[in-house]
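*Asks:* In the order they appear, the protein sequences are chains A and B. Numbering-wise, the numbering used here comes out as the position in the first sequence, counting from 1, plus 22. Numbering-wise, the numbering used here comes out as the position in the second sequence, counting from 1, plus 122.
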Amino acid sequence: MEALSKLFKGNIRQYGMIIALVLIMVLFQILTDGILLKPLNITNLILQNSYILVLAIGMLLVIITGHIDLSVGSVAAFVGAISAILIVDMQIPYPVAIVLSLLFGGLVGAWQGFWVAYVRIPSFIVTLAGMLLFRGLTMVVLDGQSISPFPKGFQSISSGFIPDWFGGGDIHVLTIIIGLMLSLVLVFTEWRNRLTQQRYQFGVIPAPLFALKLVGIVAIINLFTYVLAAYEGIPNILIVLFILVVVYTFVMNKTVMGRHIYALGGNEKAAKLSGVKTKRMTFWVFVNMGVLAALSGLLFAARLNAATPKAGVNFELDAIAAVFIGGASATGGIGTVIGAIIGGLVMGVMNNGMSLVGLGIDWQQGIKGMVLLMAVAFDIYNKNKAS
Amino acid sequence: MTTGIILEMKNITKTFPGVKALENVNLQVKEGEIHALMGENGAGKSTLMKVLSGVYPHGSYTGDILYKGQVCEFKDITQSEQLGIVIIHQELALIPQLSISENIFLGNEQSRRGIINWNDTIIKTRELLQTVGLNESPNTLISMLGVGKQQLVEIAKALSKKVKLLILDEPTAALNEEDSENLLNLLLEFKKQGISSIMISHKLNEITKVADSITILRDGKTIETLDMLKDNITEDRIIKGMVGRDLTQRYPVREPKIGGTIFEVKNWNVYHPTQQERKVIDDVNLRISKGEIVGIAGLMGAGRTELAMSIFGKSYGKRISGETILHGKRVQLNTINQAIDHGIAYVTEDRKHYGLILIDDIKRNITLTSLKKISRNLVVNDNQEIVEAESFRTKLNIKTPSVLQKTGNLSGGNQQKVVLSKWIFSEPEVLILDEPTRGIDVGAKYEIYTIINQLAMEGKGVLIISSELPELLGMCDRIYVMSEGRLTGEVSREDASQETLMKFMTKSRG
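Here it is, written out as C-alpha cells:
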C-alpha cells in the first residue's frame, strides 16, 4: 500500500489526468444513457479527433522548447488545399502527393523556424503572422472555392478501417488478434524493463502490484479492441496515431535529441553552454511541427473529402489547450506526449459527449474554457504544494 | 527607550512543513551598531530576517519581536518599513527597464492625489544618490548599471524610506573588492548617522573589519553572540562557531605535481558583441600545465569571464582572433561542441542561469553534456544514467536523498557540486572554473576545494577565476592578473600576496 501511494504521489499529474478522463467518460456515459461508449461512437471519437491529436504531438514539442505555434490551423488548411490541387486538379497519384505535401509542410515549418531560431523573433509573432499568411494563401490557391472529390484510396486514410483477413462476421477478428499481440508485446517489454532495473539493483514495485498493473493494462487494451471489433475494426487512422505516439514518446524520453529539447526548454542558456545546439534544435522543432500540421491537414481533407478555405479554423487553439491540459508548462521544459494525447482526448470526449447530450455550441465553448483553466490551476496548485 | 537596544528578537521559532527552520533564536541589536549575522547556508539567517521584516507574517512563527522597546506584530513588509526596518535581499529587486528614480520611489511615489510629481522625485533622488556616493543621472536605466551600482541604488531606496534598521542579505556576494570596500565604508558612514545595520555575509574579512558584534546561527539555533570590541575575535574563532569544530586549514593541502604545458592561448583579442569598436580582451597570452591550478585575478569588468567564455567555443564576443593550442597543436574552438570535444570545460559564475536546468533532476543535469557516453545509436540508457549520477553523488558528497531530486531544490553548495559533476563527467583536460565558490558556505567551500585539488592531482589543468583573493592565494600555483582586458601581471605562488595582486589589478592603461 505504501509503495502504491508513493507511486501515485510521484506521478499525481499524470494519473490525475487519466482519472479526470475516466471520470468525464463515466459522467457522459451516464448522461447519454450509454451512447458514449457504444462501438460506433468510440470509432467516431477517434476519427473526429485524430487531426487534433496529431497537431497536439507537434505542439507539445514546440511548447516544451518554450515557444508556441498559432499557425498550425492555417498551415493544415494550406497543405490540404495544396494536396487537393495535386491530387484532384493535377491527377498526381495520391501516395506521391502525400509525400510532397508533407515535405511542403516541412518547408513551411522551416520558414517559421528560421525566423524564430535564427532571427530570434518571438514565436508568438512569427506564427501569428503565419496564421494570417497561410490562411490568406489558402484562399488564394483555392480561389475561395472548395476542391473535391478525392479518390477513394485517399479518403480511406481518414475514414477507412484495416481489412479483416479472417472474414469474421459480426466481429472483426484481426482487431482482436492485434489487441492480443499488443498485450503480449507490452507484457514482455514491461517484464524485461523490470529485469534490467533489478540487475542495476534499483527498487522496483512489488511483484503483486506489478502483476496487477499488467493485468489492468492488458484488460483495458483488449476491452478497447473488442469494442472496436464490434463495429468495423481498427480505423486506419488509429494505426497512424499509434505509431506517432510510440515514436515520439520514444524520441522524447529515450534519445539524445529528446533530452536536448527538454534541456533547451528548461534553460536555454545553460543548455547552450552544455553543448546543446539550441538554434538548430529550435529550428527542427518547427520543421517537425510543419510536417505534423501538414499531416493533420491531409487527414482533415481526407475525412471531409474536400479541401476548403475554412478548414482548420481554431485547430491551433484545440491543440494548444490539449497540450496544457496534458500538463505541459507554459514556460517550457515540462510536458509529455502521453499527457498531450490525454489532454486531447479530454477535449474530444467533452465535445462528443456534450453534442450527444444536445448542448449548444455556445455552452460547449464556455465549458471547455473552464476545463482548460481548472486543469492548469490544478497543476499550479500541485506544484506549489510540492515545493 | 531602553538602554540603547534597538531590536530584540526573543525565542523565535519558525517551522516549515517537515522542518524546524528556527528554534528559540535570540538576537539583540544595539542602537547604531553593525551587527553581523553569520552561519552556514541553511542555518536560518535569511529566514530570521524574513520573520523580522514581516515577509513571514505574525502568527506564522512564535516568539516576540521588540523594536525600540515596543512589541511588533508585522503582517507584511509595509508595516515594518513604516517603522524604518528595511531589508535588501541578496537577489536585487530592481526593475531593469525603469530608471534609478523610478526604482527608488517605486511603491512610495512622490505624488499628490495619485499624480506623480516628477520634479520632486528627481530632486530627492539626486540627494539620495549623493549620500550613497553614486554619480549617475536619476534618469539612467537600471539595466545600464553594473551590480555594484545597482546595490547602491537599493541602499538609496532604503534611505528614502527613512531607514533606522537596515538589513543586508549578502550585500557583497556579487561585488568585487573595490565595490565591496565602498559599500562597507558606506555602512560605517551610516553608523555615524545612527543607522543600525544587520548584515548577513559569508566573507569573514569584511565582517571582522566592520562588525561591532556577531551573532552566529547553526542549524536554526543561536550559538553565540560575539562582541568584537571586547573580545579578541579572529576569523578562525568565527569559523569555529559556524561549523561547530575547528577548521584549522581553510584550503586543503596539495603537493603540486606539475607536468608539461597542456593548453595555451596566444594573442587573444575579443571585441564587444554589440559595441563594434570596443575591445574587451586585448592581446592575452596564457598557458596551463598538467596538474597545475592557475588563477585569474581582477576587478569586476576586467574581462575575466569574457576571456573564459570567448575561449570556450567563442560563446562570448565578436571578431575573435588568436590561437588556442592544445598539447602543442593548434586547435579550432569555434563552437561550444568543439570546445567540449577537445576536452575544455567551463563552469559558469552564474550556476542558476547558465549552469543548471533547475526544473530538471540531478541525473539529467549531470549527463547533459555527455549524453553520448551513456547512449548507443543516440538512444539514452537511463539505467546507466542513474548509476553514473549515483557515483557522482557519493564521490562529490552531494547531499540529497536521491539523484531524482530537482536541482532547483538544492542548496548553493550542492548545486555547484552538480555543475562540477556535469563537467567532470565530460572528462575534460582543462577546466575553467568561474567563481567556483560564490555564495557557498565555508564547509561546502572546503569540499569544493578538495574536488578541485583532486582534479589537479589527476593531471588536469585548472583555471580558477575568483574575486576572493585569499581563495586564489590559497589554491593556485600561479596567478594571472587582469585589468581592463589585458594581462597586467603573472605571479607565482611564492611571490603572491594580496598587495601585489591588488597592485596589478588596479594597474590601468597608459
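Even for Gly, the Cβ is constructed at its ideal location relative to N, Cα and C. Computed from a predicted structure; not experimentally measured.
Mind reading off the beta-carbon distance from Val298/A to Leu82/A? Whole number of angstroms is fine, and I expect it under 8 Å.
*Replies:* Not really, about 19 Å apart at Cβ, beyond 8 Å.
*Asks:* Using alpha carbons as the reference points, say which of Ile169/A, Ser181/A and Val97/A lies closest to Arg157/A.
*Replies:* Val97/A
*Asks:* Does the ligand ZN have a heavy atom nearer than 7 Å to the CB of Lys246/B?
*Replies:* What this structure holds is no ligand at all, so the ligand ZN is not there to describe.
*Asks:* Flag this pair as yes or no: are the beta carbons of Glu606/B and Ile587/B separated by less than 8 Å?
*Replies:* Taking 8 Å as the Cβ cut-off, Glu606/B and Ile587/B do not qualify as a contacting pair.
*Asks:* What does Val278/A reach in chain B if we use C-beta pairs closer than 9 Å?
*Replies:* Leu493, Lys494, Ser497, Leu500, Val501 and Val502
*Asks:* Using a Cβ-Cβ cut-off of 8 Å, state whether Leu478/B counts as contacting chain A.
*Replies:* yes
*Asks:* Taking Cβ positions, are Thr491/B and Ser296/A nearer each other than 8 Å?
*Replies:* Contact flag set, yes.
*Asks:* Which residues of chain B have a Cβ atom closer than 9 Å to the Cβ of Tyr222/A, listed in chain order?
*Replies:* Chain B residues near Tyr222/A: Asn505, Gln506, Ile508 and Val509.
*Asks:* Cα separation between Leu274/B and Asn257/B?
*Replies:* 10 Å
*Asks:* Can you list, in chain order, the stretches of the alpha helix (DSSP H) that have 4 or more residues and sit fully within the segment 228-280 of chain A?
*Replies:* 229-252 and 258-276
*Asks:* DSSP state of Ser605/B, grouped into three classes?
*Replies:* strand
*Asks:* Between which two residues does the beta strand (DSSP E) containing Asp405/B stretch?
*Replies:* Bounds of the beta strand (DSSP E) holding Asp405/B are Lys401 to Ser411.
*Asks:* Specify, as a first and last residue, the run of the beta strand (DSSP E) that Arg441/B falls within.
*Replies:* Annotation for Arg441/B: the continuous beta strand (DSSP E) segment containing it runs Lys440 to Leu448.
*Asks:* List, in order along the chain, the chain B residues whose C-beta lies closer than 7 Å to that of Gly288/A?
*Replies:* Ile479, Ile481 and Asp482
*Asks:* At the 8 Å Cβ level, is Gly297/A part of the contact set with chain B, yes or no?
*Replies:* At least one chain B Cβ lies under 8 Å of Gly297/A.
*Asks:* Between the beta-carbon of Gly287/A and the beta-carbon of Leu53/A, is there less than 8 Å?
*Replies:* no
*Asks:* Under 8 Å between C-beta atoms, does Lys405/A make it to chain B?
*Replies:* no
*Asks:* Determine the extent of the alpha helix (DSSP H) in which Gln454/B is found, giving its start and end residues.
*Replies:* That residue, Gln454/B, is in no alpha helix (DSSP H); it is neither H nor E in DSSP.
*Asks:* Can you give me, in chain order, the residues of the segment 126-149 of chain A that have a beta carbon less than 9 Å from any beta carbon in chain B?
*Replies:* none
*Asks:* For Asn575/B, which residues from the same chain have a beta carbon less than 7 Å from its beta carbon, with the 5 sequence-adjacent residues on both sides left out?
*Replies:* Pro374 and Arg376
*Asks:* Would you check if the distance between the CB atom of Met597/B and the CB atom of Ile415/B is smaller than 8 Å?
*Replies:* In contact: Met597/B and Ile415/B (Cβ atoms closer than 8 Å).
*Asks:* Got a sec: is the Cβ-Cβ distance from Pro516/B to anything in chain A below 8 Å?
*Replies:* The question names Pro, but residue 516/B is Thr in the sequence shown. Judged by the 8 Å Cβ criterion, Thr516/B is not in contact with chain A.
*Asks:* By the criterion of Cβ-Cβ separation under 9 Å, what are the contact partners of Ile458/B in chain A?
*Replies:* Lys294, Leu295, Ser296, Gly297, Val298 and Lys299
*Asks:* If the cut is a Cβ gap below 8 Å, which residues of chain B does Gly225/A touch?
*Replies:* In chain order: nothing, as chain B lies at least about 10 Å away.
*Asks:* If we call anything under 8 Å between Cβ atoms a contact, is Leu478/B one with Asn289/A?
*Replies:* yes
*Asks:* With 8 Å as the threshold, decide whether the Cβ of Leu555/B is near any Cβ in chain A.
*Replies:* no
*Asks:* Could you tell me if Leu456/B is buried or exposed, where buried requires 16 or more neighbouring beta carbons within 10 angstroms of its beta carbon?
*Replies:* According to the sequence displayed, residue 456/B carries Asn and not Leu. Exposed, by the Cβ-count rule.
*Asks:* Of all the CB atoms in chain A, is at least one closer than 8 Å to the CB of Leu490/B?
*Replies:* At least one chain A Cβ lies under 8 Å of Leu490/B.
*Asks:* On the DSSP letters alone, give me the boundaries of the alpha helix (DSSP H) that Thr137/B sits inside.
*Replies:* Unbroken run through Thr137/B is the beta strand (DSSP E), Ile127 to Phe138; no alpha helix (DSSP H).
*Asks:* For Ala159/A, collect the residues of the same chain with a Cβ closer than 7 Å to its Cβ; drop the 5 residues on either side in sequence, then sort them by chain order.
*Replies:* The sequence shown places Leu at residue 159/A, rather than the Ala named in the question. Counting only Cβ-Cβ distances below 7 Å, and skipping sequence neighbours, we find Phe100.
*Asks:* Give the straight-line distance between the Cα atoms of Tyr222/A and Leu395/A, rounded to the nearest whole angstrom.
*Replies:* The alpha-carbon separation between Tyr222/A and Leu395/A amounts to approximately 42 Å.
*Asks:* Could you give the first and the last residue of the continuous alpha helix (DSSP H) run that contains Tyr568/B?
*Replies:* Val564 to Met579
*Asks:* For Tyr270/A, go through chain B and note every residue whose CB falls closer than 9 Å to its CB, in chain order.
*Replies:* Result: empty, since nearest Cβ-Cβ is about 14 Å, beyond 9 Å.
*Asks:* Cα-Cα, which of Pro395/B, Val564/B and Gly581/B is closest to Arg441/B?
*Replies:* It is Pro395/B whose Cα lies nearest to the Cα of Arg441/B.
*Asks:* Name the DSSP beta bridge partners of Asn391/B, please?
*Replies:* Ser443/B
*Asks:* From which residue to which residue does the beta strand (DSSP E) around Gly206/B run?
*Replies:* Note, Gly206/B: premise wrong, no beta strand (DSSP E); not H, not E.
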